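*Asks:* This is the structure I have questions about; it appears just below.
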Amino acid sequence: LRPFKVGDFVTAGGVTGTIKEIGLFVTAINTLENVVNLVGNNKIFSDTIQNFSVNPYRRVDLKAQLAHSVDHNEAIKLLKERVGKVPNALPDPAPDVEILEFNFNGPVLAVRPYCHTDHYWQVYFDTNRVIRESFGAAGFPVPEQHFVIRNSS
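Going by the working numbering, the first residue of the sequence shown is number 147, and it counts up by one from there.
Rendered as structure tokens:
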């Protein structure tokens, strides 16, 4: 079983990056910051290895904060339509857009397009841009916390 090969994008031995070289005792991993880490193979193989290059596509996980006053159904419909048009986002499976959680500012949407592994960062950044531009064009207010200050005197 070979969990990775040169060129694969992995998290192994606590380091995330692209495998540059696999040696007898160490593996060279180039991080996103363009720093080569030499990680001992004993450390790599004694821990969990995540290989992002094995499957043909992966999911991009993003969040979109809504204000309390925004109709979440309208926002979900809008994002499903717009995120589906992001270059290199896959049509199948279609992007997931649903309410993930709530916080003091309002509902938080999970925005999850799928893409080929090679296009992950492009789809990630383009989707963030589309979220911002879509909400602005729709006139959605910026989410903000409201505070009540009481004076007891």
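Just so you know, even glycine gets a beta-carbon here, dropped at the ideal spot from N, CA and C. This one's a predicted model, so the numbers in the text were calculated from it and none came from an experiment.
Within this structure, are the beta carbons of Val-185 and Thr-173 separated by less than 8 Å?
*Replies:* Contact flag set, yes.
*Asks:* Which complete alpha helix (DSSP H) runs does the stretch 200-265 hold, if anything under 4 residues is left out?
*Replies:* As far as the stretch 200-265 is concerned, its whole alpha helix (DSSP H) runs of at least 4 residues are 218-229.
*Asks:* Helix, strand or coil for Gln-196? Go by DSSP, reduced to three states.
*Replies:* In this structure, Gln-196 counts as strand in the three-state DSSP scheme.
*Asks:* For Arg-205, which residues of its own chain have a beta-carbon under 6 Å away from its beta-carbon, when the five flanking residues on both sides are left out?
*Replies:* Here the set comprises Arg-258, Tyr-260.
*Asks:* Should Pro-253 and His-292 be called a contact, given that it needs their Cβ atoms to be closer than 8 Å?
*Replies:* No, Cβ-Cβ distance for Pro-253 and His-292 is not below 8 Å.
*Asks:* Please state if the CB of Leu-225 and the CB of Ile-277 are separated by a distance shorter than 8 Å.
*Replies:* Yes; because the gap between Cβ atoms is below 8 Å, this pair is in contact.
*Asks:* Can you grab the Cα-Cα spacing for the pair Leu-246 / Leu-147, in whole Å?
*Replies:* Looking at the two C-alpha atoms, the distance is approximately 37 Å.
*Asks:* Tell me which residues share the same chain as Pro-149 and place their Cβ nearer than 7 Å to its Cβ, disregarding the 5 neighbours each side in the sequence.
*Replies:* Within the same chain, Pro-149 has close Cβ partners Ile-195, Asn-197.
*Asks:* Please tell me whether Val-229 has its Cβ less than 8 Å away from any Cβ of chain D.
*Replies:* Protein chain content of the structure displayed is limited to a single chain, and chain D is not contained in it.
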